[in-house]
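Here full-length UniProt numbering is used: position 85 in the sequence shown is 85, and no number is missing along the way. From the three backbone atoms N, C-alpha and C, an ideal C-beta is built for every residue, glycine too. What you are looking at is a predicted structure, and each value in this text was computed from that prediction instead of being measured.
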Amino acid sequence: MITLLKECAEYIRSHPENRLSKKLLDKIKLELSRNDGYAIVSTVSREDIVSVGYDADAVGDDDLERIAESMHEDHTEYGGYWVALKDACDELMIPRLLKNPK
Numbered sequence: 001m002i003t004l005l006k007e008c009a010e011y012i013r014s015h016p017e018n019r020l021s022k023k024l025l026d027k028i029k030l031e032l033s034r035n036d037g038y039a040i041v042s043t044v045s046r047e048d049i050v051s052v053g054y055d056a057d058a059v060g061d062d063d064l065e066r067i068a069e070s071m072h073e074d075h076t077e078y079g080g081y082w083v084a085l086k087d088a089c090d091e092l093m094i095p096r097l098l099k100n101p102k
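This is the structure we're talking about:
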């Protein structure tokens with residue numbers, strides 16, 4: 001999604017009045033409609049996955065996207081980002097990291 005938005009923004013800036021600009025804007029609108037009309041306001045990183053105790057090496061790009069989608073409503077409406085991140089990782093059965101003995 002971020003790549004698409006960057007591509008659209010760059011092209012529209014340099015060619016504001018042509019058909020391709022309209023098509024790119026239509027793509028953005030379609031993508032936004034897939035998110036209940038809301039723009040994506042945050043991302044989930046592999047560092048976030050590690051910070052809540054899960055193995056980020058076991059998480060693919062598609063998994064990150066699914067985690068972000070599952071967290072969307074909770075994060076934007078209720079502010080429960082870290083709880084939602086843990087729940088999403090558990091749901092996808094991402095392995096937890098072993099705690100380092102001290």
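Annotation: Ala-88 to Glu-31 spans about 22 Å, alpha carbon to alpha carbon. Taking the Cα of Arg-66 as reference, the smallest distance to any Cα among Val-50, Ile-94 and Ala-9 is reached at Ile-94. Secondary structure within the region 42 to 101: the alpha helix (DSSP H) runs of 4 or more consecutive residues, fully enclosed, are 46 to 51, 61 to 73 and 81 to 91 (chain order). The Cβ atoms of Ile-28 and Ser-21 lie no closer than 8 Å to each other. The beta carbons of Met-71 and Val-44 sit closer together than 8 Å. Nearest to Leu-5 by alpha-carbon distance, out of Glu-91, Leu-85, Lys-23 and Asn-18, is Lys-23.
For Glu-47, same chain residues with a beta-carbon under 8 Å away, outside a window of 5 residues either side, are Ala-56 in chain order.
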